[in-house]
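Residue numbering for the sequence shown follows our numbering, beginning at 4 and increasing consecutively.
Don't be surprised by glycine CBs; every beta carbon is placed ideally from N, CA and C.
Heads up, the thing below is written out as structure tokens.
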Amino acid sequence: MKINEIGISNFGKFHNKKIKLSKGLNLIVGNNESGKSTVFTFLFGMFYGFAKDSTKRRIFDENFEKYRPWLGTDYRGYLEVEDGNIFRIERDFNKNELSFINLSTGENISNSDELIKYTKIKQPGAYLFGVNSTVFLNSFFVGQLQTEPKQESYEALKEKIENFSTASDELVNPMKAISLIQEQLNTLGKQSLSKSEIGKLSSEIEKLKREIFILENEKSDYDDLLTEQEKLKKRQDFLKSEIGRAELIEDQKRYNEILEKKSEIADLLNKKSSDNLISYESYEKVIELEKKIYNIERKISELSMLGSSTSELNLDEEEELKKDFAHIQNLNNTLRELNAINYSKEIEFIRLDIKNVKNSSGKITSLISLSGVAIVLILIISIYFKKYYLNLISVGFGIYIYLRSIKIRMNLDVVNRLNTKVEDYEKKSSEKTLKKKELDILLDNLCKKYKVKDNVELEQFIDSKLKTLNENKLKTELLNSEIEKQKSELYTLDEELKKLKNEQDNIFKSYGIENISEFKDKFNEDLKIISVDTKIENLENIINLLLEGRDFEELNHKVQIEDIDTSSVKEEYRNIELELTRVKERISIVEVSIKKLEKFKEELSFKTKELDEKEKDKKSSEEAIELIREISKENKENILPLLRDSISDLLKKFTNSKYDNINIDSQFNISVYDSEVDKYVKTSELSNGTIDQIYLAFRISILNLLFENAPIVLDDHFIQYDDNRLESTIKYLNEISKSKQVIIFSATNREKMEMEKMNVEYNLVNMEQI
């Protein structure tokens with residue numbers, strides 16, 4: 004199998020990159036951080052979808068998020084691989100969608116069951132290679148064994164060979180696996196260990212069984228109560244039907260008795276035969292017809308009244324009411340506006356202001372008088388004492404008198420203006436009074452017109468009248484609509500009335516009578532003639548008593564007459580009702596325990612299944628330990644010789660026959676034969692470079708044992724190789740590239756230089772240039 008093309012649409016730092024590979028030797032070079040690891044991881048992601056092995060749910064490993072694209076939301080790519088047929092794998096990591104097409108045949112194998120053999124995430128690698136992701140990583144991809152000191156490298160190599168020889172997987176250690184399973188067995192424990200999982204479950208199950216045993220007794224009582232309730236219900240239903248049947252039989256008895264009485268009446272009337280006596284049957288027929296005629300005439304009358312009630316509305320009256328109503332509203336609005344203006348209050352406030360101004364002027368006049376007296380006194384004193392400079396003080400009083408005189412004149416002016424305003428308000432007040440009287444006269448005339456007490460009642464009366472007119476108008480419209488609907492019915496009723504009257508007239512004519520009144524009179528006269536009147540009347544009274552206001556035909560159920568003790572049946576029915584009530588109360592009490600019993604049973608079933616699962620797990624774990632031991636023994640006997648021979652052949656080629664044989668003892672201690680010193684040398688004494696060569700031989704041997712033509716992928720494997728080791732290894736890889744694809748990832752140019760030196764044909768991919 005070989006990989007033809009790697010297409011990275013969006014993955015990690017790469018966007019729309021393509022890498023074409025050849026069928027032989029391929030070298031992918033690039034500095035650190037150039038993206039070699041990203042390509043390496045992309046291959047694994049395309050084949051196995053970053054899935055952890057689990058068939059129960061989708062679980063991704065840490066690389067799923069680690070390599071999410073740096074830019075954009077797209078997270079996808081494709082591969083083209085060839086294995087007899089050409090396949091194209093396209094994967095959208097974000098949507099977890101896979102397209103897997105066989106381009107050679109056109110077959111779409113995206114939904115093949117093999118894709119989900121190891122996990123719920125589809126894996127083309129499982130289809131192409133037949134192994135899970137762990138085996139894929141441990142077989143196809145070869146990196147360095149160790150970059151640690153030599154002893155640790157040796158121990159790692161020893162462990163991998165031991166694991167593969169016993170478990171066919173270099174990462175699986177059977178002894179560790181047995182140890183882990185034993186830990187699980189210890190956790191599961193047994194029933195006698197109360198703290199173990201099995202012991203704890205067993206204790207809980209026993210406790211539930213005891214609880215269930217106690218509640219089962221109550222369950223028995225509950226079942227008995229349900230049985231009793233069912234019996235009582237059946238008996239109650241039977242008695243209910245018997246009561247109903249008894250009532251029907253009682254009605255039927257009355258019906259039969261009334262029928263007999265009517266037959267007697269008919270016989271008595273027949274005995275009173277005369278030439279033209281009205282028969283009882285004719286009388287009943289005429290009365291029945293009269294009732295029907297009356298009902299139809301009443302219906303026709305109602306329909307006619309419906310039409311007559313749609314009288315024409317008085318539009319003039321309505322217009323006059325609307326006009327008066329608007330006039331009243333205007334008058335009332337004007338009155339409210341006039342009442343809102345209070346001229347008397349305004350006059351009162353102005354007169355108060357006049358009084359205050361006059362008081363202020365009086366005070367000022369008094370002060371002016373006092374100032375004048377002061378001036379006179381100052382003059383007298385200045386002259387008498389010859390202190391003429393005192394006259395300067397009188398100047399100040401003179402200025403004060405002058406200023407106060409101005410204030411008095413201003414106050415007089417204010418008083419005059421206020422008096423003018425008072426006169427104006429008094430005039431407006433008089434006009435308002437006159438206006439109100441005019442309005443009152445108008446309103447009073449309207450009140451007299453509509454015979455109401457005051458204008459409030461007047462407004463309400465007219466408003467009510469208008470509403471009534473509007474309602475009548477609406478009713479008229481509705482009635483007219485109804486009349487249109489009833490025209491057809493009225494025609495039908497007229498036809499039926501004519502038919503009934505015609506039938507009635509025919510009966511009247513047979514007796515020489517013209518109307519119902521004459522018919523009733525003649526019938527009454529005929530009855531007087533008959534001597535059995537009293538007996539007929541008694542029979543009719545008996546019939547009325549038997550009917551009890553019901554219609555005669557309602558009593559006829561057409562059932563057979565039987566004797567049923569109705570009173571005892573009803574008494575038993577009442578007793579059954581009481582007993583049912585008591586049983587239902589007891590059932591509701593017991594149901595609480597029954598619900599608890601059901602809950603305990605469900606819990607017991609769940610825990611029993613859980614215990615069975617734990618016991619099965621325990622048994623499976625014990626069988627697994629035994630199976631691992633047997634397989635480890637068998638693998639060690641079968642695989643180890645093949646692995647040893649394959650590693651020896653490859654090591655001989657890698658080391659130019661310096662180490663041509665390898666020995667692995669029963670404890671998996673490794674030694675190699677050194678032809679230069681002619682003895683076996685312990686691997687722990689070898690250099691890291693030699694151990695890396697043995698590791699490469701080991702991994703290629705695994706690949707050859709497990710797969711026929713799978714590609715080999717080497718990831719920076721040659722870091723610890725010297726030039727000679729690198730040359731011999733490249734030479735071998737060139738040889739096997741004729742039969743299988745080889746892909747080498749390298750951070751140096753050593754491999755490139757060696758290939759060019761050896762004139763090896765190879766495909767170069769520079770990560771810096773894609």
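Alpha carbon to alpha carbon, how far is residue 354 from residue 414? Give it in angstroms, no decimals. One C-alpha to the other measures close to 14 Å.
Hey, residue 542 and residue 268: beta-carbon distance below 8 Å or not? Yes, they are a contact pair.
The stretch 718–737 in contact with the stretch 673–682 per 3-pair CB rule at 8 Å: Too few Cβ pairs lie closer than 8 Å, so no.
DSSP state of residue 3, grouped into three classes? Because the chain is modelled from 4 through 773, residue 3 falls outside the range shown and cannot be assessed.
Counting Cβ pairs closer than 8 Å, one from the stretch 393–406 and one from the stretch 324–343, do we hit at least three? Counting C-beta pairs closer than 8 Å gives fewer than three between the stretch 393–406 and the stretch 324–343, which falls short of the contact rule.
Just confirm the distance between the C-beta atoms of residue 576 and residue 239, as a whole number of angstroms; I'd bet it's less than 8 Å. Right, the Cβ-Cβ distance comes to about 7 Å (below 8 Å), so this counts as a contact.
Residue of 94, 386, 108 and 745 minimising C-alpha distance to residue 26: Just measuring C-alpha positions, the residue of 94, 386, 108 and 745 sitting nearest residue 26 is 745.
Straight-line gap, residue 10 to residue 33 (C-alpha atoms, nearest Å): Across the structure, residue 10 and residue 33 are spaced so that their CA atoms are roughly 18 Å apart.
Taking all protein chains shown into account, do 16 or more other C-beta atoms lie within 10 angstroms of the C-beta of residue 691, making it buried, or fewer, making it exposed? When all chains shown are included, residue 691 counts as buried.
For residue 75 and residue 19, believed in contact at Cβ under 8 Å, the rounded distance: A Cβ-Cβ separation of about 11 Å leaves residue 19 out of contact with residue 75 under the 8 Å criterion.
Answer with buried or exposed for residue 315, where buried requires no fewer than 16 other C-beta atoms within 10 angstroms of its C-beta. The pLDDT assigned to residue 315 is 47, lower than 50, so where the model puts this residue is not dependable; a value taken from the coordinates is nonetheless given after this. Answer is exposed; the Cβ neighbour count stays below 16.
Out of 286, 351, 377 and 270, which one is the CA nearest neighbour of residue 528? Ranking the options by Cα distance to residue 528, first place goes to 286.
Mind checking which residues open and close the beta strand (DSSP E) that includes residue 61? Careful: residue 61 lies outside any beta strand (DSSP E) and carries neither H nor E.
Residue 17 versus residue 73 - alpha carbon distance: Whole-angstrom Cα-Cα distance: 8 Å.
Suppose you measure from the CA of residue 573 to the CA of residue 246; what does that come to, to the nearest Å? Computed Cα separation, rounded: 7 Å.
Mapping the DSSP letters down to three states, classify residue 588 as helix, strand or coil. In the displayed model, residue 588 falls within a helix according to three-state DSSP.
CA-CA distance, residue 209 and residue 608? About 12 Å.
If you reduce the DSSP assignment to three classes, tell me which class residue 167 lands in. Below a pLDDT of 50, predicted positions are generally treated as unreliable, and residue 167, at 47, falls in that range; no measurement from the model is reported.
Per-residue burial, residue 587 [other beta carbons within 10 Å of its own, 16 or more giving buried]: Its Cβ having fewer than 16 others within 10 Å, residue 587 is exposed.
Using the beta-carbon count (16 or more within 10 Å), is residue 484 buried or exposed? Residue 484 counts as exposed, since fewer than 16 other beta carbons sit within 10 angstroms of its beta carbon.
Identify the continuous beta strand (DSSP E) that holds residue 664 and give its terminal residues. Boundaries of the beta strand (DSSP E) harbouring residue 664: 662–667, taken from the DSSP string.
With a threshold of 16 other CB atoms inside 10 Å of the CB of residue 563, please say whether the residue is buried or exposed. Its Cβ having fewer than 16 others within 10 Å, residue 563 is exposed.
Residue 728 and residue 657 closer than 8 Å at C-beta: Yes, the Cβ-Cβ distance between residue 728 and residue 657 is below 8 Å.
Counting only runs that start and end within the stretch 64–111, where is the alpha helix (DSSP H) found for 4 or more residues in a row? If we require 4 residues or more, the alpha helix (DSSP H) runs fully inside the stretch 64–111 come out as 66–69.
To the nearest angstrom, report how far apart residue 652 and residue 40 are at their CA atoms. Straight through space, the alpha carbons of residue 40 and residue 652 are spaced by roughly 31 Å.
With H, G and I counted as helix, E and B as strand and the rest as coil, what does DSSP make of residue 14? Note: residue 14 maps to strand in three-state DSSP.
Output the distance between the C-alpha atoms of residue 567 and residue 600, rounded to the nearest integer angstrom. Inter-residue distance for residue 567 and residue 600 is about 47 Å (C-alpha atoms, whole angstroms).
Determine the burial state of residue 782: buried for a count of at least 16 other Cβ atoms within 10 Å of its Cβ, exposed for fewer. There is simply no residue 782 to check, as the chain begins at 4 and stops at 773 in what is shown.
Given residue 499, which residues of its chain have a CB within under 8 Å of its CB, disregarding the five upstream and five downstream residues? Within the same chain, and ignoring the five residues on either side of residue 499 in sequence, the residues whose Cβ sits closer than 8 Å to its Cβ are 299.
At which residues does the alpha helix (DSSP H) containing residue 673 begin and terminate? Looking at the DSSP string, residue 673 is not in any alpha helix (DSSP H); the run it does join, the beta strand (DSSP E), is 673–677.
Just to confirm my understanding: we take residue 23, look at its own chain, exclude 5 residues before and 5 after, and list those with CB closer than 6 Å. What are they? Around residue 23, the same chain offers 8 as residues with beta carbons nearer than 6 Å, after the five sequence neighbours per side are excluded.
Please report the residue range of the alpha helix (DSSP H) in which residue 411 lies. That run of the alpha helix (DSSP H) goes 394–453.
Kindly list the residues whose CB is nearer than 7 Å to the CB of residue 214, restricted to its own chain and excluding five residues on each side of it in sequence; keep chain order. Excluding the 5 residues flanking it on each side, residue 214 has same chain C-beta neighbours closer than 7 Å at 603, in chain order.
Where residue 701 sits in the DSSP three-state scheme: DSSP places residue 701 in helix when its eight states are reduced to three.
Backbone CA spacing between residue 473 and residue 324 [nearest angstrom]: Going by C-alpha positions, residue 473 is about 12 Å away from residue 324.
Can you grab the Cα-Cα spacing for the pair residue 520 / residue 475, in whole Å? When rounded, the distance between both Cα atoms is 41 Å.
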